[in-house]
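Participant: The structure is given below, and queries will be raised subsequently.
Number of protein chains: 2
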Amino acid sequence: MGRWEPGARERLVVAAVDLFTEQGYDATTVAEIAERAGLTRSTFFRHFSDKRELLVAGQETLSRLLADGIAEAPADASPLAAVAEGLAHASSAMGPQNRELGPRIRAAVAASAELQERDALKSVGMAAAMTEALVARGVPDPVAHLAAELGVLAFKRGYAEWSEGDRAPEDDFAGYLRKALDELRAASASLH
Amino acid sequence: MGRWEPGARERLVVAAVDLFTEQGYDATTVAEIAERAGLTRSTFFRHFSDKRELLVAGQETLSRLLADGIAEAPADASPLAAVAEGLAHASSAMGPQNRELGPRIRAAVAASAELQERDALKSVGMAAAMTEALVARGVPDPVAHLAAELGVLAFKRGYAEWSEGDRAPEDDFAGYLRKALDELRAASASLH
């Protein structure tokens with residue numbers, strides 16, 4: 048994983064998200080996405096099997112990164128500390144282009160019922176991946192579920208903060224995720 | 048709201064869920080749903096504007112019930128106590144037919160990527176309705192979000208338990224929801 052390399056794949060994602068915003072997900076064709084990205088249809092198909100896969104690919108990578116980070120946390124880490132490791136691991140793979148995509152993705156999702164459903168499924172997928180990774184560490188089921196939901200909330204809140212407005216380029220995503228998880232941890236003390 | 052009255056609307060929902068399981072959501076037509084329910088297409092359209100609305104209608108009712116219960120909780124109730132009131136209020140509108148639908152809906156969702164997306168969106172809608180109702184009570188944002196997510200988890204776990212296997216008919220849904228929320232409350236103490 049490591050650094051984000053600008054390239055065909057990323058250009059296709061940016062072009063697709065912009066077209067989804069402008070004209071909707073359903074109305075956008077693979078040919079249009081390739082054209083907007085200045086690439087050919089065959090280049091599109093070297094990276095993605097179809098328009099839907101373009102959205103799902105990022106989500107699967109993210110879920111895998113979160114689960115790997117949780118699996119690699121120290122054996123004595125608490126469930127929430129393991130989730131923090133998952134978030135840190137995922138953030139290490141996200142760079143400036145992911146940050147720029149944030150407002151574009153939000154605009155596209157706001158404009159499309161179909162993308163809202165895919166976005167909701169993405170959250171469920173992230174929660175399931177983290178729950179499974181926690182259960183594999185021996186965390187009992189309801190605790191694992193709850194810690195995973197906190198992780199999803201922290202990811203969403205941290206990503207929104209990180210990608211909104213004008214931020215200094217040296218601001219790293221990991222810091223936003225830590226802050227969001229700390230806020231949720233503090234919030235969990237005020238539930239009762 | 049109150050008691051569940053068997054009738055055309057419920058027969059249409061049961062017929063639709065069964066057909067979605069057997070042949071998929073996309074492949075099922077309004078005419079087939081009406082026929083399976085022993086009703087006419089025009090009766091279908093007196094209850095639902097289309098196939099999609101049939102799924103969404105229940106979700107909107109549920110979200111409203113959860114929000115109403117939270118709004119009516121005593122002023123000094125903690126965020127989680129208010130969520131418990133929301134769950135109790137929603138459960139009062141769910142009877143034996145909702146219980147029977149549980150395994151059918153799970154089978155239909157397991158068989159269809161499209162229904163998985165709608166199911167995920169339903170969870171997001173429930174969480175949003177509860178968050179909004181909590182914020183209206185003056186609960187600060189991250190606490191409201193977290194309490195709402197606990198409510199969604201409790202609803203899902205309680206509903207799965209209630210509608211699985213052979214249960215005595217006098218088992219009420221409210222008890223399952225209370226137990227699920229209590230388990231999650233206990234789990235939240237083991238996160239750190």
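Respectively, the protein sequence lines represent chains A and B. Under this note's numbering, think of the first position of the first sequence as 48, with each following residue one higher. Under this note's numbering, think of the first position of the second sequence as 48, with each following residue one higher. Note that beta-carbon positions come from the ideal geometry of N, C-alpha and C, so glycine has one too.
Whole angstroms are fine: how far does the CA of residue 227 (chain B) sit from the CA of residue 120 (chain B)?
Facilitator: The straight-line gap from Cα to Cα measures roughly 19 Å.
Participant: Please list the residues of the segment 131 to 149 of chain B that have a C-beta atom closer than 9 Å to any C-beta atom in chain A, keeping them in chain order.
Facilitator: From the segment 131 to 149 of chain B, no residue has a Cβ closer than 9 Å to chain A.
Participant: Throw me the rounded Cβ distance for the residue 156 (chain A) and residue 163 (chain A) pair, which I believe falls under 8 Å.
Facilitator: About 6 Å separates the two Cβ atoms, so the contact holds.
Participant: Pull up the distance between the alpha-carbon of residue 190 (chain A) and that of residue 130 (chain A), whole angstroms please.
Facilitator: Roughly 12 Å separates the two Cα atoms.
Participant: Between residue 50 (chain A) and the rest of its own chain, which residues show a CB-CB distance below 8 Å, the 5 nearest in sequence each way excluded?
Facilitator: For residue 50 (chain A), the predicted model reports a pLDDT of 35, less than 50, meaning its position is unreliable; a value from the coordinates is still stated below. Around residue 50 (chain A): 142.
Participant: When you check each C-beta in the segment 186 to 197 of chain A against every C-beta of chain B, which residues fall closer than 8 Å?
Facilitator: Going along the segment 186 to 197 of chain A in chain order, one finds 187, 189, 190, 192, 193, 194, 196, 197 with a Cβ nearer than 8 Å to chain B.
Participant: I want to check one thing, is the minimum distance from the CB of residue 173 (chain B) to the heavy atoms of the ligand SAM below 7 Å?
Facilitator: With respect to the ligand SAM, the structure offers nothing, as it holds no ligand at all.
Participant: Which whole runs of the alpha helix (DSSP H) in the segment 120 to 149 of chain A are 4 residues long or more, in chain order?
Facilitator: 126 to 138, all fully within the segment 120 to 149 of chain A.
Participant: Taking Cβ-Cβ distances shorter than 9 Å, what residues in chain B pair up with residue 167 (chain A)?
Facilitator: The contacting residues are 164, 165, 166, 167, 168, 169, 170, 171, 172.
Participant: Smallest Cα separation from residue 199 (chain B): which of B:159, B:183, B:167?
Facilitator: Among B:159, B:183, B:167, the Cα nearest to that of residue 199 (chain B) belongs to B:167.
Participant: Could you say which of B:150, B:140, B:91 lies nearest to residue 109 (chain B) if we only look at CA atoms?
Facilitator: Among B:150, B:140, B:91, the Cα nearest to that of residue 109 (chain B) belongs to B:140.
Participant: Just to confirm before moving on: does the CB-CB distance between residue 137 (chain A) and residue 105 (chain A) stay below 8 Å?
Facilitator: No.
Participant: Within the same chain, show all residues whose beta-carbon is closer than 8 Å to that of residue 77 (chain B), passing over the 5 residues directly before and after it, in chain order.
Facilitator: If we look at residue 77 (chain B) and ignore the five residues flanking it on each side, its Cβ neighbours are 88, 91, 92, 97, 98.
Participant: May I ask which residues mark the beginning and end of the alpha helix (DSSP H) holding residue 200 (chain B)?
Facilitator: From DSSP, the alpha helix (DSSP H) with residue 200 (chain B) extends over 188 to 210.
Participant: What are the boundary residues of the alpha helix (DSSP H) that includes residue 71 (chain B)?
Facilitator: Residue 71 (chain B) -> no alpha helix (DSSP H), and no H or E assigned at all.
Participant: So the alpha helix (DSSP H) residue 231 (chain B) belongs to, where does it begin and stop?
Facilitator: Run containing residue 231 (chain B): 220 to 235, per the alpha helix (DSSP H) assignment.
Participant: State the Cα-Cα distance for the pair residue 133 (chain A) and residue 235 (chain A), rounded to the nearest angstrom.
Facilitator: Approximately 19 Å, taken between the alpha carbons.
Participant: Residues of chain B with CB under 9 Å from residue 121 (chain A), in chain order?
Facilitator: Per Cβ cutoff of 9 Å: no residues; residue 121 (chain A) is ~15 Å from chain B at best.
Participant: Is there a Cβ of chain B sitting closer than 8 Å to that of residue 235 (chain A), yes or no?
Facilitator: Answer yes: the Cβ-Cβ gap between residue 235 (chain A) and chain B drops below 8 Å somewhere.
Participant: Would the segment 144 to 152 of chain A and the segment 63 to 71 of chain A be scored as touching if the rule is three or more Cβ pairs under 8 Å?
Facilitator: Because the criterion of three Cβ pairs below 8 Å is met, the segment 144 to 152 of chain A and the segment 63 to 71 of chain A touch.
Participant: Would you tell me roughly how many angstroms separate the C-alpha atoms of residue 85 (chain A) and residue 123 (chain B), rounded to the nearest one?
Facilitator: Cα to Cα, the separation comes out at about 60 Å.
Participant: Using a threshold of 8 Å, state whether the C-beta atoms of residue 127 (chain A) and residue 197 (chain B) are closer than that.
Facilitator: No; because the gap between Cβ atoms is not below 8 Å, this pair is not in contact.
Participant: What three-state label does DSSP hand residue 217 (chain A) in the structure shown?
Facilitator: Here residue 217 (chain A) sits in coil by DSSP.
Participant: For residue 184 (chain A), report the span of its alpha helix (DSSP H) as first-last.
Facilitator: It is not in any alpha helix (DSSP H) - residue 184 (chain A) carries neither H nor E in the DSSP assignment.
Participant: Taking CB distances under 8 Å as the criterion, tell me whether residue 79 (chain B) reaches chain A.
Facilitator: No, residue 79 (chain B) lies away from the interface with chain A (no Cβ there is under 8 Å from its Cβ).
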